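A short write-up of the structure that comes next.
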Amino acid sequence: QAGTYCDISLTVKGVEFRVHKIVLSSLSQYFLNMFTEDFVEKNQSSVVLENIDPDAFHVILNYFYTGYIKVSPDTAEEILRTADYFSLKTVAALCCEYLETSVNAENCIQRYFFAVQYGLQTLKDATLAVIKEYLATVSATSSFHNLEINSLKDLISAIVNDACAEKIFEAICIWIGDTSRKSYLYELLELVPTEHISYSFYMEKMKNDKLLRQDLKCTTWMLDNFADRFSESAIGCSTRQNSIFLTSANADASKFYEFKLNCNCLESRSFRPKIIFFSTFHYKNGIYLVAGESDRKNLQKSFRYDVFEKDFFEFELNCNRTNAASCINGDKLYVCGGYDLSSESALNSCLCYDFETGQITRIADMNEVKELPAIAVYQNSIYVCCGISEYYTGMNCIQRYDPREGSWSKVADTQFVSNACSSTVMSDSLYVSELYTLNIEKFDFRNNNSDKITLPKHKDGGYITSVDNKLFKVYPEGLEQYEPKEKKWIDKRCTFSLDCPIIVPWESS
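Residue numbers for the sequence shown follow my numbering, beginning at 571 and rising by one.
Structural data, given as structure tokens:
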């Protein structure tokens, strides 16, 4: 402090500090390089340091000369930032430890983003622990209210796996506050893990929320996430429309229908692409046609029918196969088995397409090659049933793929069906129907027991599906619905003529 034998002057925002090069160089690689390497500052008697806080630099200088560091809640972050700038790892670690031990509901937001900026994992973990535990209190602070939308989304994504879903929803509503931010509500709601929202919370906090009800996207979000878990009367939305789309597996592109279950109306829709032996599924507002063929070649792209625009559009997805099975699990498409026209061979390979990232990957191969197998999803696992073998014989094996384990395992053998099939899941049971006969089997996941379903009225085979926990079967001239209590099939009021009819459900708002 007396300035004795000082050999350089450092100026920080107008404040001059007389120091000794040897002292600074002994503890900081930053200053060692400055005073010994070929930097312009090497031979200067004064240096101006930019982007440094003078108060924090004074504390750092005191550490250089005494080995002692003094921090407080108001100075710790700035001192750590300065220590990081000068490559003082010991000081930075001490400051980080101090920040970790003094995190609370008032400062956790600021310290979380500070930790993210400087890559301080232990501090980040400490702040997240406080945010998760005291989210209700944290969401009432000015730091939370002043977050920008992208920062809030980053924060929610960081806590979503552990924090209470209901508290996340309430925190979002607090941040939205008045209508000035309501345009962000839908994109924030999509981050909420709705599977952990309870019925009582939904009824009390969400059902009659004005912001949710006034926004069409938010109303759709409620339907998409709660209609299957809670009764439709509890959801309280009257705009729901359930449909079944029907077309032919052959090249008759003129026949593409929508049958509206609520009003028993059959309506003709857009001409579809002239492809054959494709697989169908629904995802969000689209009906997809994938893994088909055209002119005896594997289809190099897929197609999407937009339910609202009522037209088909090309979809860039090449599955390199035909006669495959496809299903949706979350935001991922699984395509299994089929036949490769280029190699003239049946397949046991499986693909996974992520709608969120647009990436397609090959997952584990099935235990057997299968053409025209049935496929369904139950409790986040993929079930593939029956199919035609490479020797053109019927198969009766049910295989299960767990995405978490990344492997296939045999579940059971079907007792009453084999060969080319379709399937659907209802009430903890897998229904499997042969495409070319009337046989339908019900497999109970809970006890691994199989029962034969009453034969449909009509003699032709066809695809089955389920909507609103009701079983439907299509045949070339119409549609049947199964009544489990009476154990009989009832004709729906629709007639058409479809060769090799395919059926796919869709639920909307």
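Beta carbons: idealized from backbone N, C-alpha and C, even for Gly.
These numbers come from a predicted model, not from an experiment.
First through last residue of the beta strand (DSSP E) which encompasses residue i
i	result
C920	920-924
K640	Counting along the chain, K640 falls outside any beta strand (DSSP E), and DSSP gives it neither H nor E.
I1060	1058-1065
D983	977-983
Y852	In the sequence as displayed, the identity of residue 852 is His instead of Tyr. Looking at the DSSP string, the run of the beta strand (DSSP E) that includes H852 is 849-853.
F1013	1010-1014
R970	967-972
R932	930-933
N795	Premise fails: N795 lies in the alpha helix (DSSP H), 786-796, not in any beta strand (DSSP E).
is_contact[residue i, chain B] using C-beta, thresh 7 angstroms
i	result
L887	As a matter of chain content, chain B is missing from the structure shown, which is built from one protein chain.
Residue i: first and last residue of the uninterrupted alpha helix (DSSP H) it sits in
i	result
V582	First-last for V582: 578-582, but that is the beta strand (DSSP E), not the alpha helix (DSSP H).
V905	Note, V905: premise wrong, no alpha helix (DSSP H); beta strand (DSSP E) at 902-906.
Y668	659-671
R651	646-655
S721	719-729
V1044	First-last for V1044: 1040-1045, but that is the beta strand (DSSP E), not the alpha helix (DSSP H).
K694	691-703
Y633	624-636
Q870	No alpha helix (DSSP H) holds Q870; DSSP gives it neither H nor E.
V593	591-597
S713	712-715
A685	678-688
Residue i burial status per 10 Å Cβ neighbour count (16 or more: buried)
i	result
P643	exposed
C835	exposed
K583	exposed
P909	One point to set straight first is that residue 909 is Tyr, not Pro, in the sequence displayed. Its Cβ being crowded by 16 or more others within 10 Å, Y909 is buried.
I592	exposed
I1073	buried
Y827	buried
Q969	buried
N1009	buried
T984	buried
M604	buried
I805	Per-residue confidence for I805 stands at a pLDDT of 48, beneath the threshold of 50, marking its modelled position as unreliable; no derived number is given.
M776	buried
S808	Bear in mind that the predicted position of S808 carries a pLDDT of just 42, short of 50, making it unreliable; the figure below should be weighed with that in mind. When all chains shown are included, S808 counts as exposed.
G747	exposed
Whole-number beta carbon distance between residue j and residue i, since they are thought to touch under 8 angstroms
i	j	result
F587	L658	That belief does not hold up - the Cβ atoms of F587 and L658 are roughly 16 angstroms apart, past 8 angstroms.
S896	Y904	7 angstroms
F627	T606	With 8 angstroms as the limit, F627 and T606 do not qualify as a contact, their Cβ atoms being about 21 angstroms apart.
E670	L693	5 angstroms
K737	L781	At roughly 18 angstroms, the Cβ-Cβ gap does not stay under 8 angstroms, so K737 and L781 are not in contact.
W978	N1019	Not confirmed; about 22 angstroms, so no contact.
C-beta atoms of residue i and residue j nearer than 7 angstroms
i	j	result
S813	L1068	no
V730	V700	no
T994	I1034	yes
T735	H715	The residue you asked about is not Thr; residue 735 is Ala in the sequence shown. No, they are not a contact pair.
F829	I857	no
N855	F882	no
V762	F739	yes
I742	L758	yes
**Study point:** Stretch pair the stretch 938-946 + the stretch 1007-1026: three plus CB contacts closer than 8 angstroms
**Key:** No contact exists between the stretch 938-946 and the stretch 1007-1026.
**Study point:** Contact between the stretch 599-610 and the stretch 620-630 (3+ Cβ pairs under 8 angstroms)
**Key:** no
Review point. Given 8 angstroms as the limit, is there contact between the stretch 1026-1045 and the stretch 784-792, that is, 3 or more CB pairs closer than that?
Key: no
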